[in-house]
Amino acid sequence: MKLLLLIFLISFNATANDLKTLIAEQKYREALAVTQKIKSPNDIEKLTKASLQQKLGFYSESKDTLNKIDKTKLQDAKAFEFFLTQLVLDYNLANFKECLNAIESYHKVMLSNKQLTRLNRVEIDIYLTLAEYEKAKTIIAQTRTIQVPDHLKAQLLLQEASLAQQTGDYASAENLLKQSVQILKDNKSTVSLALANIKLAQQLRINAEYNKAFDICLDSLEEITAPLGEEHPQVSDIKLLLGNLHKDMGNYKFAGLYLEEAMELRIKLYGKEHHLTAETMNSLAVFYKLYGLIDKAEPLYKQAAEITQKTLGKKHPSTAVCLNNLADMATFKGNYQKAEELYQNSRFLLQASLGKQHPTLAIFFANYADLMRLMNKMDLAKAFAEKSLDIRKAHFNDQHPEIAESLNNMANIFLLQGHLQEAEEHFLKSLAIREKTLGKFHPKVAAALVNLSAVYREKGETGKIEPLLLRSLKIDKKSLGQKHPEVANDLNHLGVFYKNNGEFKKAEESYLQSLKIKKVALGEKHLKVAVTLNNIALLYSDLGEFAKATTFFEDAIIILEETLGEEHKMLIPFLENYADTLDKQNFSQEADALRRRIKNIENK
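Okay, structure coming up:
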């Protein structure tokens, strides 16, 4: 019996002594396993266990362990460790107010340089999360003056980079990130280096260096899962980034898989009401919208907006981004009045929190310009499109996809204003950038081809149109699938071309295929459904099939009336087309009634 007891004690002492070594080597899962074997642990051992649980993302378990510690018995360095562990836990659980109150009280305590740096770093993270950038900047400046080891300097550089990135100074952010990565390489800090590389990959994504970012993510994922496990917060960060990179690169199938995995993991780690869960909801909703899954996208946008406003506040830039996303959805659904209201609220918040030249505002200006274009407010559309382009030129190189986006928006406005040469030049520049940065089979390349075909239609260069539209259809079918709304749009454009070219059978087939897809993907009352109904009605009118034409005209007009109201100016071309068809049938009274209605709408 005594021999067995001696063997147990030797085993226990060995594992306890190994604990510091395992932590130093960043073998956190192995270290946590050691703490699980300790029977009747003392408060210091419990504190070590709580810290390890937190490092591994086991937040509720860490909270339970901390609650079992009698903090009154902890002194000096261990008392600070308890405080810091509790503080970081509260930060991860988004209890920001409690964190700031605790930090304020602890600043009165005499701290070593290392302790003060660690405390300041948590405070910086809180202010960065809350978008209180001036406060974060002040504390970073104070912390720079403290003499600390290189690995802590590297962590501070990462926070400076986050500040630069969030405030739109991308060049400084990239420089700071590379400095941090180099220091961590020299110190051979495997896990810390992987985490720094993730932040660098985020910046590379902003720079549109997608392949570099993608490779870094895959390497970092391997480096992190070994010591931290597959359900760690940083794993959710990498999966979110990989999902967004796949989305940017047009690999929508893989984008959905990674984004859904990131969403599932963040809900498990943080719960459904956390701001990081809301961030993932937004990314997933953007993907669903791009992929044509509107019924999945809209509720996620709404849920993300509610959570973000609740956790980060009504004036936070993330709340503004959520409003912008909701406005974009309202525009997509044809609810222009609601979209305009949401955009204005988003703009006010963004300018108040980020200033007037932040790159995020370029997205807002581009979306709002698109709305103004759809509402036929061309002067406003052009003004906001130019603002978007100016901001993007200040932050990105001339071959960046964001520049291509703005050039495309400007071209659409030139097209509607009849400035065909300027429109063609802008569309060609946009197409060239997209093919270079995104690849020739990206959905945005397909969109550029359709836009360019519209210029050639207006210029009467018929021979250039069909190849562009067929290429666009091929790209969208391959990247988005046969039932995506963009495929329906491609078919609708082909229908217009075939009708104008006198190929009526092909036109009818294209229109009817487009209508079928749109009704399923967008719903039977969507404005884009009305547009295709109107196009089919015009085709049947030209063919003399007036009964069919009447049915389609009336269905289209009903959708517009129910969606936009009976006096909306978008009704005018639909009513004019219907009146012309009635004239062809000698129904002059009915046609005159429609034209009187048009005049009433114009005079409103």
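According to the working numbering, the residues represented by the sequence shown are 7 to 610, in order. Here a beta-carbon is modelled for each residue, glycine too, at the ideal position from N, C-alpha and C.
Reference residue i; option with closest CA among the options
i: LEU528; options: TYR97, ILE50, LEU62 and ILE300; result: ILE300
i: ALA368; options: ALA410, PRO155, LEU380 and GLY340; result: ALA410
i: LYS383; options: LEU355, TYR342 and GLU408; result: TYR342
i: THR587; options: LEU544, HIS113 and LYS388; result: LEU544
i: GLU6; options: HIS574, LYS590, ILE29 and ALA599; result: Residue 6 lies beyond the residue range present for the chain, which begins at 7 and ends at 610; the question has no answer from this structure.
i: PHE220; options: ALA291, PHE260, SER198 and ASP404; result: PHE260
i: LYS480; options: LYS114, THR196 and VAL456; result: VAL456
i: ALA358; options: ILE222, VAL493 and TYR139; result: TYR139
i: ILE204; options: GLU237, LYS505 and LYS245; result: LYS245
i: GLN208; options: ILE222, LEU199 and ASN373; result: ILE222
i: ALA30; options: ILE146, SER198, SER412 and ILE130; result: SER198
i: ALA375; options: ILE563, LEU413 and PRO305; result: LEU413
i: GLU267; options: GLY256, GLU279 and THR286; result: THR286
i: LYS120; options: PHE402, LEU134, GLN405 and VAL154; result: VAL154
i: GLN405; options: LEU134, LYS435 and ASP334; result: LYS435
i: LYS3; options: MET255, LEU332, LYS302 and HIS238; result: Beyond the ends of the chain as shown, which are 7 and 610, falls residue 3; an answer cannot be given.
i: LYS143; options: LEU497, SER168, PRO233 and LEU282; result: SER168
i: VAL292; options: PHE338, LEU271, ASN98 and ARG127; result: PHE338
i: GLU392; options: MET416, ASN403, ASP49 and VAL493; result: MET416
i: GLY298; options: ASN48, ASP482, PHE89 and HIS499; result: ASP482
i: GLU229; options: LYS33, LYS114 and LEU581; result: LYS33
i: GLU492; options: LYS511, VAL526 and GLU464; result: VAL526
i: GLU596; options: ASN606, ASP70, ALA585 and LYS605; result: ALA585
i: GLU464; options: ALA494, LEU422 and ARG477; result: LEU422
i: ILE132; options: SER118, ARG150 and ILE109; result: ILE109
i: ALA56; options: GLU441, LEU125, LEU95 and PRO239; result: LEU95
i: ASP496; options: ALA453, LYS388 and ASP82; result: ALA453
i: THR325; options: GLU304, MET335 and LEU348; result: LEU348
i: TYR176; options: LEU206, LEU600 and THR151; result: LEU206
Per-residue burial, residue i [other beta carbons within 10 Å of its own, 16 or more giving buried]
i: ALA20; result: Bear in mind that the predicted position of ALA20 carries a pLDDT of just 41, short of 50, making it unreliable; the figure below should be weighed with that in mind. So ALA20 counts as exposed.
i: PRO579; result: exposed
i: ASN507; result: exposed
i: ARG602; result: exposed
i: MET116; result: exposed
i: GLY469; result: exposed
i: ASP598; result: exposed
i: GLU572; result: exposed
i: LEU224; result: exposed
i: SER547; result: buried
i: GLY424; result: exposed
i: GLY466; result: exposed
i: LYS8; result: Low per-residue confidence applies at LYS8: pLDDT is 38, beneath 50, and the placement is therefore not dependable, though the value from the model is reported in the following sentence. It is exposed - the Cβ of LYS8 has fewer than 16 other Cβ atoms within 10 Å.
i: ASN592; result: exposed
Short Cβ contact (8 Å threshold) for residue i with residue j
i: LEU136; j: LEU329; result: no
i: THR91; j: LEU122; result: no
i: ALA170; j: LEU182; result: yes
i: PRO407; j: ALA214; result: yes
i: SER289; j: ASN250; result: yes
i: LEU265; j: GLY63; result: no
i: LEU163; j: SER186; result: yes
i: ASN77; j: ALA85; result: Per the sequence presented here, residue 77 reads as Lys, with Asn not at that position. The answer is yes: Cβ separation under 8 Å.
i: ASN193; j: ASP156; result: yes
i: ILE145; j: GLU166; result: no
i: TYR174; j: HIS401; result: The amino acid occupying residue 174 in the given sequence is Gly; Tyr does not appear at that position. Contact flag set, yes.
i: PHE627; j: LEU475; result: This structure cannot settle anything about residue 627, because the visible part of the chain is limited to 7 through 610.
i: ASN540; j: ALA513; result: no
i: HIS458; j: VAL451; result: Per the sequence shown, the amino acid found at residue 458 is Leu instead of His. It is not a contact, given that the beta carbons lie outside the stated cut-off.
i: LYS610; j: THR569; result: no
i: GLN59; j: SER68; result: yes
i: LEU306; j: TYR294; result: yes
i: TYR258; j: SER485; result: yes
i: ILE604; j: LEU581; result: yes
i: GLU5; j: LEU210; result: Here the chain comprises residues numbered 7 to 610, so residue 5 is not present and cannot be evaluated.
i: LEU201; j: GLN172; result: no
i: GLN161; j: ASN126; result: no
Cutoff 8 Å: residue i Cβ touching any chain B Cβ
i: SER289; result: In the displayed structure, chain B is absent; only one protein chain is listed.
TODO: Would you check if there are 3 or more beta carbon pairs closer than 8 Å linking the stretch 553 to 570 to the stretch 505 to 518?
DONE: Contact fails: fewer than three Cβ-Cβ distances are below 8 Å.
Task: At least 3 beta-carbon pairs within less than 8 Å: the stretch 396 to 404 vs the stretch 419 to 433 - done: No contact exists between the stretch 396 to 404 and the stretch 419 to 433.
Open item on the list: When you compare the stretch 348 to 367 with the stretch 307 to 318, are there three or more beta-carbon pairs, one atom per stretch, that lie closer than 8 Å?
Closed with: No, the stretch 348 to 367 does not touch the stretch 307 to 318.
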